[in-house]
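Mapping to this note's numbering: the sequence shown position 263 is 254, numbers consecutive.
Reading through the structure tokens given below for one structure.
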Amino acid sequence: LAPGLKPGKGVSGIVLCCSNQPQPQATMPAMTAPVEDVPKLRWLIFGCGGVGGYFGARLAQQGQEVNFMARNQALAALQKHGVRIRSICGDVTVPPEKLGALIDTGRLGKKSDSSEQEAKRAKTTDIFEADVIMLGCKAWEAEGCLAMCRPWCGPGTLVLPLQNGVEGFDKIKSIVSSWGVGRALAGCCNIVSAIQEPGMIRHWAADPPYITFGEFEGASIAKTKMLQAIFDKCPGMAGHLEEEAMPKIWEKFAFITSTTAVGAVSGPSATQDIIGSSPELQQLWRSAMHEIIALARSQGLKYEDAWLENRINMLKQAVGATTSCSRDLWAGKPSE
-8 LAPGLKPGKG
2 VSGIVLCCSN
12 QPQPQATMPA
22 MTAPVEDVPK
32 LRWLIFGCGG
42 VGGYFGARLA
52 QQGQEVNFMA
62 RNQALAALQK
72 HGVRIRSICG
82 DVTVPPEKLG
92 ALIDTGRLGK
102 KSDSSEQEAK
112 RAKTTDIFEA
122 DVIMLGCKAW
132 EAEGCLAMCR
142 PWCGPGTLVL
152 PLQNGVEGFD
162 KIKSIVSSWG
172 VGRALAGCCN
182 IVSAIQEPGM
192 IRHWAADPPY
202 ITFGEFEGAS
212 IAKTKMLQAI
222 FDKCPGMAGH
232 LEEEAMPKIW
242 EKFAFITSTT
252 AVGAVSGPSA
262 TQDIIGSSPE
272 LQQLWRSAMH
282 EIIALARSQG
292 LKYEDAWLEN
302 RINMLKQAVG
312 ATTSCSRDLW
322 AGKPSE
């Protein structure tokens, strides 16, 4: 866990981190003015956790139109305070008036008691065509979350999943294809972050956090390239548009599974920097990595030997970092 944080219970049933001491209110930097040569797109971010909340805030900070889908305490916090980031890359608060629609997922799909109530909700629900739908949910939630996002998907919408794992992409592609509109991308992210309190995300390792993404097949279309141009201008994050996205997603998969396994069985004191620096733990980690690398190569995917050594360096630099999957396991919660 990050220094000064303790495990807690998330409002949506996932593990998050909560401060065990009062946090001073930092002075927030001014919002970044939109860059003229970067297109302003309409983003729909599902979830305001360690992934959706962080990247959504950075996009809004750059000047993008960011709309959140949230519920319960997270929704209330967004409506009152906006989204707040405490980060090694710089703090930022995006106030509610700088955000787009705040959509209550707790009401989506519910049956009304009368047609009058249904008509009233239809008028008050902000339905628009999103340029990008970003999924910041857990892997096992992706199918249900996509169903809630369907009304906001149009012919030009890109669907960008950021879940851990490699087995869910076929399902995401199939669902989006069945809609007859929209285009699914392959994607994942590299960040060490957690919910400090509803609407506030703490980021303490991975500098800068980044999103890896690309087409499933063929060359990148113009709109996918737009995302890279936008990510390049966002403070506190980066984007990596890959000609072949799946090998890089498997690279992250090998890292997250091996690091989670070693951390989960070694306990919360075995943070990533300890795993990278301890000869015994590093050897156990390498053995796990080689298993996943062999599996990737058996699927005909490229995995360069240098990638593993680069991850060793990343482990050593990730002081106090643990994976969200490990934290979920320690707390007895479902884990990716």
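Beta carbons: idealized from backbone N, C-alpha and C, even for Gly.
All values reported here derive from a predicted model rather than from experimental measurement.
Rounded to the nearest angstrom, the Cβ distance from residue 192 to residue 41 is 6 Å, consistent with a contact under 8 Å. Below 8 Å, too few C-beta pairs join the segment 149 to 161 and the segment 64 to 73 to call them touching: fewer than three. Secondary structure remark: continuous alpha helix (DSSP H) runs of at least 4 residues inside the segment 248 to 309, in chain order: 263 to 268, 270 to 289 and 296 to 308.
Within the segment 25 to 88, the complete beta strand (DSSP E) segments at least 3 residues long are 33 to 37, 56 to 61, 74 to 78 and 83 to 85, listed from N- to C-terminus. Residue 176 sits in coil when the DSSP states are folded into three classes, being neither helix nor strand. Around the CB of residue 290, fewer than 16 other CB atoms lie within 10 Å, so the residue is classed as exposed.
The beta carbon of residue 96 sits closer than 7 Å to those of 60, 61, 62 and 139, all from its chain and outside the five residues before and after it, given in chain order. The way I'd put it, the segment 250 to 261 does touch the segment 272 to 292; three or more beta-carbon pairs between them come closer than 8 Å.
From the listed residues 124, 154, 120 and 144, the smallest Cα separation to residue 131 is found for 154.
Sequence-distant Cβ neighbours of residue 325 in its own chain, meaning closer than 7 Å and more than five residues away, are 131 and 319. Considering only 223, 150 and 156, the residue with the shortest C-alpha distance to residue 170 is 150. For residue 238, same chain residues with a beta-carbon under 7 Å away, outside a window of 5 residues either side, are 292, 293 and 294 in chain order. Closest in alpha carbon position to residue 54, among 43, 34, 66 and 64, is 34. Counting only residues of its own chain and dropping the five nearest sequence neighbours on each side, residue 265 has a CB closer than 7 Å to the CB of 272.
Annotation for residue 94: the continuous beta strand (DSSP E) segment containing it runs 93 to 95. Annotation: residue 91 to residue 217 spans about 20 Å, alpha carbon to alpha carbon. In the structure shown, residue 150 falls within a strand segment according to DSSP collapsed to helix, strand and coil.
About 4 Å separates the beta carbon of residue 205 from that of residue 233, a gap short enough to meet the 8 Å contact definition. Assigned with DSSP and collapsed to three states, residue 144 falls in strand. Going by C-alpha positions, residue 123 is about 20 Å away from residue 87. Distance from the CA atom of residue 235 to the CA atom of residue 99, rounded to whole angstroms, is 36 Å. Your pair residue 212 and residue 32 does not check out as a contact, with CB atoms roughly 14 Å apart and the cut at 8 Å. Within 10 angstroms of the beta-carbon of residue 183 lie 16 or more other beta-carbons, which makes it buried.
For residue 212, no alpha helix (DSSP H) encloses it, and the DSSP letter there is neither H nor E. When only Cα atoms are considered, residue 80 and residue 201 end up about 12 Å apart. Between residue 152 and residue 121, the C-beta gap is not smaller than 8 Å, which leaves the two residues out of contact.
Only residues of its own chain outside the window of five on either side were considered, and among them 150, 163, 164 and 167 have a CB closer than 6 Å to the CB of residue 175, listed in chain order. Closest in C-alpha terms to residue 322, from the list 256, 298, 308 and 282, comes 256. Bounds of the beta strand (DSSP E) holding residue 232 are 229 to 232. The beta carbon of residue 219 sits closer than 6 Å to the beta carbons of 230 and 232 from its chain, once the five residues preceding and following it are set aside; these are given in chain order. Excluding five sequence positions before and after residue 287, the CB atoms of its chain that fall closer than 6 Å to its own CB belong to 241 and 294, given in chain order. Counting along the chain, the unbroken beta strand (DSSP E) around residue 195 starts and ends at 191 to 205. Listed in chain order, the non-local C-beta contacts of residue 78 below 7 Å within the same chain comprise 194 and 227, local neighbours out to five positions each way being set aside. Between residue 125 and residue 36 the beta-carbon gap is near 5 Å, inside 8 Å, which marks them as a contact. With fewer than 16 neighbouring CB atoms inside 10 Å of its own CB, residue 260 falls in the exposed class.
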